[in-house]
Structure formats: C-alpha cells, structure tokens
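Protein chains in written order, with this note's numbering: chain X, -16 to 97; chain G, 47 to 157.
Beneath this line is the structure, given in structure tokens, with notes to follow.
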Amino acid sequence: DAGVIQSPRHEVTEMGQEVTLRCKPISGHNSLFWYRQTMMRGLELLIYFNNNVPIDDSGMPEDRFSAKMPNASFSTLKIQPSEPRDSAVYFCASSLRGALNTIYFGEGSWLTVV
Amino acid sequence: AQSVTQLGSHVSVSEGALVLLRCNYSSSVPPYLFWYVQYPNQGLQLLLKYTTGATLVKGINGFEAEFKKSETSFHLTKPSAHMSDAAEYFCAVNNGNQFYFGTGTSLTVIP
C-alpha cells in the first residue's frame, strides 16, 4: 500500500513568493495532520483535519499560512507570502481517528526560502 | 491534558551498549503511547506502541518499551546498540483526536 505522499520533496523559493505543499493521505484514513520541523522548535503541529474538516489550527503561525482539505484524498498547505523564517521541513501525516491508531508520516517537504 | 516529556535531548552510547531513552507522560485519559524513529532526511516511522494488555511492548529493530502506570513512564530500551540505531527518537501520546509528541532525543552510537 502507498504511504502518505507529499510533494514537492524539495523546494527553494524567493522571499515573497507563494508556496504550496501537497499531501495525499493513506486511503481510508480520516484524520490528516500538518507538522513543521525545525532545529530550533522541533516538531510542531500546525493543523489537523477530521473527515476533511479543520479541527484545530491553533498551531498555524500566522495568517500567511493556510491549509485546505477539499476531499478525503488531498490536502494543501499554502504560505503566502513566504519568508526566510518559514524554512523548515513540513510533514503531512494521516491516521484513522481514534486513540488506538497509529499516525503515519510522509517523507516531508524540505522548504528553503531565500 | 496530555503531554510528553523526554529527558535528555542527546544521548550517546557505545556500540554494543544498552540504549535507554526516557519518556514520561501526563494524560487525562487512558494513555496510548508510541515511540517513533526518524532517520536523517526521512519522515517519522513507528517503532512500537502500547494500547492495552501486556505492559512490555516489543517493536522493530530489537527495541522494546515498558509502560509503567505508577511512574507515568514509557521508556525505550535496546540491549545492544548498533551503529544503524543513530537517529532521532520521539515519544508520543494519542488522546483519540491528536498526537502529542515529545521534543525528541537524538541518539548517537559511538563505534
């Protein structure tokens, strides 16, 4: 079975440009999570969805960040405009909702804003 | 409220020595506990998880963890470290809606 698929794997962009990160969760999973990982702050939860509905976006750093999940098999995380401090690895993860269930991570999108 | 504390952001062991990575949790509901490993330039992978039943849980690559309710701990161990175990390790608790991750412990294995 395919795991969580993220694209792009690597992106280098100039400050001020729009960045869109994409995620395809594991088929059948009903929870989707976006995380950001940096050396300074570690692994941070940005937002998560249950059944395509955003449940908690309190981790989204500011209005420049937005996330959507138009259907059960696709989600985007958009940064507009991007800034150098947004440079990080962004992980998408999915799971079946429920305490017993495992969360599965994608390989990450490595973003560098110059 | 749920939270996870990992003591020691960096741990170094010699190859062949015991690995012990510490994790303490707080949870307002019965805890479901997980250990994940992250190898360089990769995503997080599940090592093992505790849900119910036997408190000693065995995972991949020779790792195991023991759930101790009285100590609110879920420490990860491996009897003999291998060079390939060098990675970042994350403890996590799931409350049914979302996962709460610790800050991670970087394991270095010295030849």
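Positions of the beta carbon are idealized from the N, C-alpha and C atoms, including for glycine.
Q. Buried or exposed: X/Arg(-8), going by 16 or more other Cβ atoms within 10 Å of its Cβ?
A. Within the first sequence, numbered from 1, the residue matching residue -8 of chain X stands at position 9. X/Arg(-8) should be labelled exposed.
(Q) So the candidates are G/Ser130, G/Ser72, G/Leu90 and G/His128; which of them puts its Cα closest to the Cα of G/Thr51? (A) Looking up residue 51 of chain G in the second sequence gives position 5. Answer by Cα proximity: G/Ser72.
**Q.** Enclosing beta strand (DSSP E) for G/Leu102 [first to last residue]
**A.** Mapped onto the second sequence, residue 102 of chain G falls at position 56. First-last of the beta strand (DSSP E) with G/Leu102: Leu102 to Lys104.
(Q) With H, G and I counted as helix, E and B as strand and the rest as coil, what does DSSP make of G/Pro86? (A) In the second sequence, counting from the first residue as 1, residue 86 of chain G sits at position 40. Note: G/Pro86 maps to coil in three-state DSSP.
Q.
On the CB-based measure, 16 or more other CB atoms within 10 Å of its CB, does G/Leu90 come out buried or exposed?
A. Your numbering for residue 90 of chain G matches position 44 in the second sequence. Its Cβ being crowded by 16 or more others within 10 Å, G/Leu90 is buried.
Q | Beta carbon proximity, G/Thr51 to chain X, threshold 8 Å | A | The count along the second sequence starts at 1 and reaches residue 51 of chain G at position 5. Cβ-Cβ to chain X under 8 Å: no for G/Thr51.
Q: Spell out the partners DSSP gives X/Ile9 in its beta bridges.
A: Against the first sequence, residue 9 of chain X aligns to sequence position 26. X/Ile9 pairs with nothing; no bridge assigned.
Q | CB contact check: X/Glu90 to chain G, cutoff 8 Å | A | Here residue 90 of chain X is taken as the residue at index 107 of the first sequence, counted from 1. Yes, contact with chain G.
Q. Can you check whether the CB of X/Leu60 is closer than 8 Å to the CB of X/Trp17?
A. Working through the first sequence from its first residue, we reach residue 17 of chain X at position 34. Working through the first sequence from its first residue, we reach residue 60 of chain X at position 77. Yes.
Q: Could you confirm whether any beta carbon from chain G is found closer than 8 Å to the beta carbon of X/Gly25?
A: Within the first sequence, the letter at position 42 stands for residue 25 of chain X. Answer yes: the Cβ-Cβ gap between X/Gly25 and chain G drops below 8 Å somewhere.
Q: Please work out which residues of its chain come closer than 6 Å, Cβ to Cβ, to X/Ser58, disregarding the five sequence neighbours upstream and downstream, and give them in chain order.
A: The residue given as residue 58 of chain X occupies position 75 in the first sequence. Here the set comprises Cys6, Leu15 and Met52.
Q: Check the Cβ-Cβ distances between G/Thr118 and every residue of chain X, and say whether any is below 8 Å.
A: Here residue 118 of chain G refers to the residue found at position 72 of the second sequence. No - not a single Cβ of chain X is within 8 Å of the one on G/Thr118.
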